[in-house]
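Q: Dropping the structure in here first, questions after.
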Amino acid sequence: METTMNQEMENHTHSSASSEFNPELTTELPLYIQWRQVDGALIYPIVPILFFSVLGVGTNILNILVFIKMGLQETTTISMLALAVSDLICCIMAFWTYLCYVPAFRDMPGLPFQSVEVSLETGQTFRPYVIRTGALITAFITLERCLCVVIPLKVKNIITLSATRVLIVVIYIITIVPYIAHPMLYQLDWKFYPYLNRSLVGAVYKENPLAILFMLIASYLCGFFYLLLATSVVIVCTLFLVINLLRSSRWRESMRKQTGASTAKSADMKTSSSRREDRLIKQVVVIAILFIICTTPGAVSMFIIAVSKDFVEKSRFYPSTLVLQGYLFAFETVNNSVNFFVYYVIGTKFRLVFRQMIGVKENTASS
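In terms of the UniProt record's numbering, the sequence shown is residues 1 to 367.
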């Protein structure tokens, strides 16, 4: 999808430079711009996206503050902090992108820039790369929990605090650095729009064969490979964790039935650490399930686009592609914005620290 859009933009740069929301000239625009301009609110659920992006900005700021307050002494806390940062960036980009599609803002008198082109350059094209960052971090979190179950005595020697920090930095680098090709091809500059009879800041295409090649590679790498890799890892690891949770629950139930009350109480005390581990696994599982629900359709659509050029190149399929893309964008925004509620409901320590931060006193000690 991203590759096709970039190619279309290159082929129609000159025509798009002079024909934003002019109905008479709309057929001269790249196809994906035409459909967005026919009825942006129809193609994209703008109001829900704006709502969840604002919600996500607030909740992810809270996530970051709570994780820092908790202390970065556990690998999972570091990973979830990194995930909150990527989610925050995604929500900011989503809000800005779709604010530029709101007619009241888009058609504001005296606005010194062409909102659609500026949103593409300052938000919409960058956001997919950060989405892949969050996807790979989620995959790492679920994989780490699986290793804690499979090799509990060795995992702390394998996944150390320093190794986690390095891996998080590497994930950010390999997902965001490929974006640099885009500003090499498209730059914001003043240009004249004849139908408005005025100059506005818009996107200007700069010929750069090396950047085109780099963008092609980056589009398939970030738009296809990273997403499918992360989704596959998360699905497999989540299934494993769910099976492990069910086994653990059945084992505890059988222990209660086979032993007396005093023996059961002793067993519960011995398994307090495993119960804490189970709560953490439940938290990771819920986050992973949300990720799967919200991103698997996108991974499937990317696969279809990669193997079937007709799906994106033939105009009779393209409107459906755009509608699908818009709603997938909305699902991704939901995924970026709701983790706070998962942490608060399931995470005992997270809930305790958050309540302390807002001045709520605990009457009883949390388990």
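No residue lacks a Cβ here, since even glycine has one placed at the ideal position from N, Cα and C.
#1: So for Val118, helix, strand or coil by DSSP?
#2: How big is the Cα-Cα spacing for Arg127 and Cys222?
#3: Between the beta-carbon of Ala135 and the beta-carbon of Ala230, is there less than 9 Å?
#4: So Val353 and Lys69 are in contact, right, with Cβ under 8 Å, and what is the actual spacing, rounded?
#5: So, using beta-carbon positions, are Ser162 and Tyr98 closer together than 9 Å?
#6: How big is the Cα-Cα spacing for Val102 and Phe329?
#7: Count the other CB atoms within 10 Å of the CB of Arg132; is the residue buried (16 or more) or exposed (fewer)?
#8: For Leu324, which residues from the same chain have a beta carbon less than 7 Å from its beta carbon, with the 5 sequence-adjacent residues on both sides left out?
#9: Got a sec? Which residues, its chain only, sit under 6 Å from Thr164 by beta carbon, not counting five neighbours each side?
#10: Under a Cβ-count criterion, where at least 16 other Cβ atoms within 10 Å of its own Cβ denotes burial, should Pro152 be classed as buried or exposed?
#11: Excluding the five sequence neighbours on either side, which residues of its own chain have a C-beta within less than 7 Å of the C-beta of Met215, listed in chain order?
#12: Mind listing, in chain order, the continuous alpha helix (DSSP H) runs of no fewer than 4 residues lying wholly within the segment 108-174?
#13: Which same chain residues, not among the five before or five after Ala203, have their C-beta less than 6 Å away from its C-beta?
#14: Leaving out the 5 sequence neighbours to the left and right, which residues in its chain are closer than 6 Å to Ala218 when beta-carbon positions are compared?
#15: Roughly how many angstroms lie between the CA atoms of Glu332 and Thr295, to the nearest whole one?
#16: The ligand PLP heavy atoms versus the CB of Thr164: any closer than 8 Å?
#17: Alpha carbons only, please: which of Lys191, Ile158, Asp278, Ile137 is nearest the one belonging to Val170?
#18: Quick one: give me the first and last residue of the beta strand (DSSP E) that Gln187 is part of.
#19: For Ile64, which residues in the same chain have their Cβ closer than 8 Å to its Cβ, ignoring the five residues on either side in sequence?
#20: Taking Cβ to Cβ, would you say Met93 is nearer than 9 Å to Gly58?
#21: Suppose you measure from the CA of Asn336 to the CA of Lys257; what does that come to, to the nearest Å?
#22: Helix, strand or coil: how does DSSP classify Tyr101 here?
#23: Note down the Cα distance separating Leu239 from Glu144, rounded to an integer number of angstroms.
#24: Hey, Cys146 and Cys237: beta-carbon distance below 9 Å or not?
#25: Any idea what DSSP makes of Leu196, helix, strand or coil?
#26: Given a cut-off of 9 Å, decide if Val233 and Thr175 are closer than it, judged by their beta-carbon atoms.
#27: In the DSSP assignment, find the alpha helix (DSSP H) that holds Pro48 and state where it starts and stops.
#28: For residue 403, which of Val284, Pro297, Leu290 has the nearest alpha-carbon?
#29: Would you say Leu228 and Asp278 are within 9 Å of each other, going by their C-beta atoms?
#30: DSSP three-state label for Gly347, please.
#31: Taking just the CA atoms, how far does Leu188 sit from Leu200?
A: Taking the coordinates as given:
#1: Walking along the sequence shown from the start, residue 118 turns up at place 118. When secondary structure is reduced to three states using DSSP, Val118 falls in the helix class.
#2: Counting from 1 along the sequence shown, the entry for residue 127 is found at position 127. Counting from 1 along the sequence shown, the entry for residue 222 is found at position 222. Approximately 11 Å, taken between the alpha carbons.
#3: Within the sequence shown, residue 135 is the residue found at index 135, counting from 1. Within the sequence shown, residue 230 is the residue found at index 230, counting from 1. Taking 9 Å as the Cβ cut-off, Ala135 and Ala230 qualify as a contacting pair.
#4: Residue numbering aside, residue 353 sits at position 353 when the sequence shown is read from its first letter. Residue numbering aside, residue 69 sits at position 69 when the sequence shown is read from its first letter. The Cβ separation is near 5 Å, so the contact holds.
#5: By 1-based counting over the sequence shown, the position of residue 162 is 162. By 1-based counting over the sequence shown, the position of residue 98 is 98. Cβ distance not < 9 Å, so Ser162 and Tyr98 don't count as in contact.
#6: For the purposes of this step, residue 102 is taken as residue 102 along the sequence shown, with counting starting at 1. For the purposes of this step, residue 329 is taken as residue 329 along the sequence shown, with counting starting at 1. Going by the C-alpha atoms only, they are around 16 Å apart.
#7: Along the sequence shown, read from residue 1 onward, the residue named residue 132 stands at position 132. Buried is the call here.
#8: Counted from its first residue, the sequence shown places residue 324 at position 324. Taken in chain order, the residues that qualify are Ser301.
#9: Working through the sequence shown from its first residue, we reach residue 164 at position 164. These residues qualify, in order along the chain: Thr75, Ile78.
#10: One-based indexing of the sequence shown puts residue 152 at position 152. Under this definition Pro152 is an exposed residue.
#11: Within the sequence shown, residue 215 is the residue found at index 215, counting from 1. Asn6, Ala181, His182, Leu185, listed in sequence order.
#12: 115-119, 127-150, 155-158
#13: Here residue 203 is taken as the residue at index 203 of the sequence shown, counted from 1. Correct list, in chain order: Glu117, Glu121, Tyr186.
#14: Your numbering for residue 218 matches position 218 in the sequence shown. Once the five neighbours on either side are set aside, the close Cβ partners of Ala218 are Pro178, Ala181.
#15: Reading the sequence shown from its first residue, position 332 is the one you call residue 332. Reading the sequence shown from its first residue, position 295 is the one you call residue 295. Straight-line measurement puts the Cα of Thr295 at about 6 Å from the Cα of Glu332.
#16: This structure lacks the ligand PLP; in fact it carries no ligand of any kind.
#17: For the purposes of this step, residue 170 is identified with residue 170 of the sequence shown, where counting begins at 1. Checking every option, the nearest Cα to that of Val170 belongs to Ile137.
#18: Position 187 of the sequence shown, counted from the first residue, corresponds to residue 187. Taken as a continuous stretch (DSSP letters only), the beta strand (DSSP E) holding Gln187 covers 186-193.
#19: Locating residue 64 in the sequence shown gives position 64, where the first residue counts as 1. If we look at Ile64 and ignore the five residues flanking it on each side, its Cβ neighbours are Leu81, Ala84, Val85, Leu88.
#20: Residue numbering aside, residue 93 sits at position 93 when the sequence shown is read from its first letter. Residue numbering aside, residue 58 sits at position 58 when the sequence shown is read from its first letter. Contact flag unset, no.
#21: On the sequence shown, residue 336 is found 336 positions in, with the first residue counted as 1. On the sequence shown, residue 257 is found 257 positions in, with the first residue counted as 1. Their backbone Cα atoms lie some 42 Å apart in a straight line.
#22: Numbered from 1 along the sequence shown, position 101 holds the residue referred to as residue 101. It is coil, neither helix nor strand.
#23: Taking the first residue of the sequence shown as 1, we reach residue 239 at position 239. Taking the first residue of the sequence shown as 1, we reach residue 144 at position 144. For Leu239 and Glu144, the distance between alpha carbons rounds to 14 Å.
#24: In the sequence shown, residue 146 corresponds to position 146, counting from 1. In the sequence shown, residue 237 corresponds to position 237, counting from 1. Result yes, Cβ atoms of Cys146 and Cys237 sit closer than 9 Å.
#25: Start at 1 with the first residue of the sequence shown, and residue 196 comes out as number 196. Here Leu196 sits in coil by DSSP.
#26: For the purposes of this step, residue 175 is taken as residue 175 along the sequence shown, with counting starting at 1. For the purposes of this step, residue 233 is taken as residue 233 along the sequence shown, with counting starting at 1. No, Cβ-Cβ distance for Thr175 and Val233 is not below 9 Å.
#27: Sequence index remark: in the sequence shown, residue 48 carries index 48 (1-based). That run of the alpha helix (DSSP H) goes 46-70.
#28: Because the chain here runs from 1 to 367, residue 403 falls outside it and cannot be looked at.
#29: Within the sequence shown, numbered from 1, the residue matching residue 228 stands at position 228. Within the sequence shown, numbered from 1, the residue matching residue 278 stands at position 278. No.
#30: What you label residue 347 is simply residue 347 of the sequence shown in a count that begins at 1. Reduced to three states, the DSSP call for Gly347 is coil.
#31: For the purposes of this step, residue 200 is taken as the residue at position 200 of the sequence shown. For the purposes of this step, residue 188 is taken as the residue at position 188 of the sequence shown. Going by the C-alpha atoms only, they are around 10 Å apart.
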